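Reviewing the structure listed below.
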Amino acid sequence: MTGKTPAYPVLPDEKPDIRLLALDLDDSLLTDALVITPRTKKAIQAARAQGVTVTLATGRMFQSALPYARELELEVPLITYQGALVCMPDGRIISHQPFDRQLSIELLEFLLPYGYQVNVYVKDEFYIEKSSPEAEVYRARIRTNFHEVPSLTAMMAGGSEGATKIAVIAGAEQIREITAAMQERFGKKALAVPSKPTFLEINRPDTGKGVALAVMAAGLGIERRQVMAIGDSPNDLDMIEYAGWGVAMANGEESVKEKARWITASNEEEGVAIAIELLLLS
Amino acid sequence: MNNTGKETKKPLRLIVMDLDNSLLRRDKSISAYTQSILDQCRTNGLCTAFATARSESSSKRFIDWIQPDAMISNGGALVRVGDRIVYRATMSREITNRLLQALLQTPGIGYVTVDTDEGYFVNQLVEESTPGWSDYLPAYPRDFAHGLDCDAYKVSVQLPDEDGARAILSGFPMIDVIPFYGENWYRYAAKGADKWDGVKALAAHLAIDREAVVAFGDDYSDLEMIKQCGVGVAVANGISEVKMAADAICADCDEDGIAHWIEVHCL
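So the protein lines, in turn, are chains E and L.
Under numbering that gives the first Met the number 0, the first residue of the first sequence carries the number 0, and numbering increases by one thereafter.
Under numbering that gives the first Met the number 0, the first residue of the second sequence carries the number 0, and numbering increases by one thereafter.
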């Protein structure tokens, strides 16, 4: 902890005036057991009763985020795939920004030889070449099935669309290595950010939770200073920096805490509920 | 506008607009509707200004078309109100020539162009029919190894990557470089020659507070003025950084985004 960013239970000096609240899912809104606690649900509903628009901003697939959106009865655009797919809970697409097919193929030709687990997401489905323990753990966590194909490159070449995102699952050191290699090979043509130390997310460069949230706020006539975003991972950094009130979870990475305006309790201690109760509710 | 908080509700008095992919549609046209909105601004006593990376001469047809009250050109290095120069931040002849020598030796260098009061110079012959160049002609081919005789508003070049473009700055602490998104073009100019510097000078000249200025843009060169002006507005086709820095996002440049925003908020 930096000692500069105020952290729960110390309150910030100012009380925010929030109209839009974006919540990351894994390790933020969700406990380690992947549930939204009753207290958290109550806090969210109280915020909405006060007129705050609440949404989810996740790297997850839309179909994997949807059960939580339904549980919270959200009727607003959901930011999924780190912003590459913004979708209403009823499935209506607000914006979809996949890679073009040619670049998707180039990315696969670069990534597959490493031999790590590679997931390719087209529209809102996910495809792998061969299952692995990592893929099984991931599938169980997000509760969405994958499609196994003989060749991801052939599938992409024969398809009509590029990838919504591409993910690589490997050890932390391997992910660091491949992130650096991606930067060198693709530079600004692809955005490669780990959402967890062992999970690399590869998105189109003009996507991101931050810009998706900025567009949502602008569309609602909400100013940046009236936006709060809560997250824990590097793929939350852009929305935490964008939002007038960026809040980091106590369990979050140091790099995220440093950029936040306040640090709430951990996801296991209902940090999102605490942030809402202390900073939002009157 | 700062995001820590105080809302500012000062009426807007100066409208600053980037040209390419902001006020201009992608085909470089300005719709009749946009024109009429900018005419109404004049009738209502609102000051309008272009803030463009282009030179004055390459902006001429837009200046003639819209007749803005002020012109911030060369990315902020020159500001003019009517005939009067309000601000000018050039790279000296000596520094410009040193920069040109460094660029010519950079691997992968393509076009090297220089905007000066004496004309627009290029390191290669540009055929009149070359697409995208028509506004920028005449472009005088010059052998930069012999150096130029005047100071420069900006040097714009084609380079394969940003690292190479930035590496050159180590020998030039008085110069900044800004990339053009999605292209391999980079613009070198003196520090203090950013669009925001131009806006500050213009606002001071017009005795308009920065809180009463709205700036519209899409790209890196617009980032600072969008952050610093009273209201910063990104066009929907703008880059992510600009959208996240802006107070508002208006519609796409092909949908008259700027004009619609002005109609709702200023007229």
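We treat Cβ as the ideally placed atom computed from N, Cα and C, and that holds for glycine.
All of these numbers come straight from a predicted model, not from anything done at the bench.
Exercise. Quick one, which of L:T42, L:A200, L:A151, L:A245 has its alpha-carbon nearest A217 of chain E's?
Worked result: L:A245
Exercise. Would DSSP call F171 of chain L helix, strand or coil?
Worked result: coil
Exercise. Would I92 of chain E be called buried (16 or more neighbouring beta carbons within 10 Å of its own) or exposed?
Worked result: exposed
Exercise. Which one of E:Q116, E:E135, E:A139, E:L73 has the shortest CA to CA distance from E128 of chain E?
Worked result: E:Q116
Problem set entry | Start and end residues, alpha helix (DSSP H) containing K40 of chain E | 37-48
For this session: Identify every residue that forms a DSSP beta bridge with G206 of chain L.
Result: It is worth fixing the name first, because residue 206 of chain L is Ala in this sequence and not Gly. According to DSSP, which records beta bridges pairwise, A206 of chain L is partnered with nothing at all.
For this session: Please compile the residues from chain E whose C-beta is within a distance smaller than 9 Å of the C-beta of I248 of chain L.
Result: A213, V214, A216, A217, G218
For this session: Report yes or no: is there a C-beta of chain E within less than 8 Å of the C-beta of I272 of chain L?
Result: Outside the displayed span of chain L (0 to 266) sits residue 272 of chain L, for which this structure offers no information.
Problem set entry | Test: E222 of chain E CB closer than 8 Å to a CB of chain L | yes
Problem set entry | Neighbouring residues, chain E, relative to D160 of chain L (Cβ below 8 Å) | G186
For this session: Apply the 10 Å Cβ neighbour rule to Y32 of chain L and answer buried if 16 or more other Cβ atoms are within range, or exposed otherwise.
Result: exposed
Exercise. What span of residues does the beta strand (DSSP E) with D114 of chain L cover, start to end?
Worked result: 111-115
For this session: Counting only the same chain and skipping the five closest in sequence on each side, list residues whose C-beta sits under 6 Å from that of V113 of chain L.
Result: F120, A151, V154
For this session: For the beta strand (DSSP E) containing F145 of chain E, list its first residue and its last residue.
Result: 145-147
Problem set entry | Strand pairing of I201 of chain E, partner residues [DSSP] | E:I165, E:A191
For this session: Taking 8 Å as the threshold, find out whether the stretch 163-179 of chain E comes into contact with the stretch 138-149 of chain E through three or more Cβ pairs.
Result: no
Problem set entry | Local conformation of I229 of chain E per DSSP, three classes | strand
Exercise. Looking only at DSSP bridge pairs, what is T47 of chain L linked to?
Worked result: L:I14
For this session: Examine the ligand FAD and report whether any of its heavy atoms sits within less than 7 Å of the Cβ of K3 of chain E.
Result: With respect to the ligand FAD, the structure shown offers nothing to examine, as it has no ligands at all.
For this session: Just the C-alpha distance for M154 of chain E and F185 of chain E, rounded to the nearest angstrom, thanks.
Result: 22 Å
Exercise. Going by other Cβ atoms of all chains shown within 10 Å of its Cβ, with 16 needed for buried, is L23 of chain L buried or exposed?
Worked result: buried
Exercise. Could one say the Cβ of V210 of chain E lies closer than 8 Å to chain L's Cβ atoms, at least one of them?
Worked result: yes
Exercise. In chain order, what residues of the stretch 233-248 of chain L put their CB closer than 9 Å to some CB of chain E?
Worked result: A233, A235, I238, S239, E240, K242, M243, A244, A245, D246, A247, I248
Problem set entry | Of the listed residues E:L73, E:W244, E:L77, E:Y113, nearest to A169 of chain E (C-alpha basis) | E:Y113
Exercise. Under the rule that 16 or more other beta-carbon atoms within 10 Å means buried, what is W260 of chain L, buried or exposed?
Worked result: buried
Exercise. Could you check where the beta strand (DSSP E) with Q116 of chain E kicks off and where it finishes?
Worked result: 116-121
For this session: Compile a chain-ordered list of the residues in the stretch 241-255 of chain E whose CB is closer than 7 Å to at least one CB of chain L.
Result: Y241, G243
Problem set entry | CB contact check: D99 of chain E to chain L, cutoff 8 Å | no
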